[in-house]
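In full-length UniProt numbering, the protein residues as written are 1 to 281.
Note that beta-carbon positions come from the ideal geometry of N, C-alpha and C, so glycine has one too.
As structure tokens, the structure follows; a few thoughts come after it.
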């Protein structure tokens, strides 16, 4: 991620000069977007490294949420940048100006190569933060593809209105996609049940154990979109009152739950008929 940040930031500076040189709002918009991406990459890089720290007395679950915080900051930067692109592009669309189509064509090719390499360099990272950054860079590739096609129309036919139109299309596309990332991020912060985990399937698995009569106080949430936390109270029959009876059941259930994608499992056993203040949870 560090190399992607350095290359993206360097190219954003080049884009800024290129946008003024070609008089292209599309390239200036991409420069603004890439500066935002560079900042997001820098934040993501730092927070991703911090997220790998183990748990402490203050943060008993570790620092994995820093990765999610990075995704939120990155997505927010994209939203603000896209709104700025829309504002500038609409103004240019109302009063088109001549652009250097050949220069735009060259920058478009270079932009696809640089951002395409950055996407490839992050292919092995699966955190929500890295996925958000990868999405931004992929959107940059798509944006440069749009600029490439539009620059052909500007160069050969002098359709200068294509320049702001490309910016508007790109900004709307980014806003549409980033809304999904923001939705996932908010769900994690609000401790929603992970979308890829079926709680009914989890309940059925637990109740399939003969010693388990009932369950309650079931809670399932995720730390960062990958590390899922699960806790539940299990009511067991009178035949399994001793610790030596419960340990094999506990080991079996924990192993099964981890196979289903739950990385942190807490099982609390209760005897049949025992009172529990959390029975209705």
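Shortest Cα-Cα distance from residue 105 to any of 62, 67, 267 and 19 involves 19. In the DSSP assignment, residue 90 falls within the unbroken alpha helix (DSSP H) covering 65-94. Close CB contacts of residue 258 within its chain, under the 7 Å cut and outside five residues either way in sequence, are with 265 (chain order). As a beta-bridge residue in DSSP terms, residue 219 pairs with 231. Rounded to the nearest whole angstrom, the C-alpha separation of residue 160 and residue 26 is 11 Å.
Following the DSSP letters along the chain, one finds residue 107 inside the alpha helix (DSSP H) bounded by residues 101-121. Of the other Cβ atoms in all chains shown, fewer than 16 fall within 10 Å of the Cβ of residue 252; this residue is therefore exposed.
For the options 270, 245 and 256, the alpha carbon positioned closest to that of residue 213 is the one of 270. Exposed is the label assigned to residue 149, since fewer than 16 other Cβ atoms lie within 10 Å of its Cβ. Close CB contacts of residue 139 within its chain, under the 6 Å cut and outside five residues either way in sequence, are with 174 (chain order). When the beta-carbon positions are compared, residue 12 and residue 82 stay at least 7 Å from each other. Spatial neighbours of residue 276 in its own chain (CB-CB distance under 8 Å, excluding positions within 5 residues in sequence) are listed in chain order as 216, 217, 233 and 270. Pairing residue 41 with residue 58, the inter-Cα distance amounts to about 27 Å.
Exclusion of the five residues before and after residue 93 leaves 161, 164, 165 and 168 as the residues of its chain whose Cβ lies within less than 8 Å of its Cβ.
Relative to residue 208, the option among 113, 235, 193 and 97 whose CA is nearest is 235. Just so you know, the alpha carbons of residue 199 and residue 272 end up roughly 23 Å apart.
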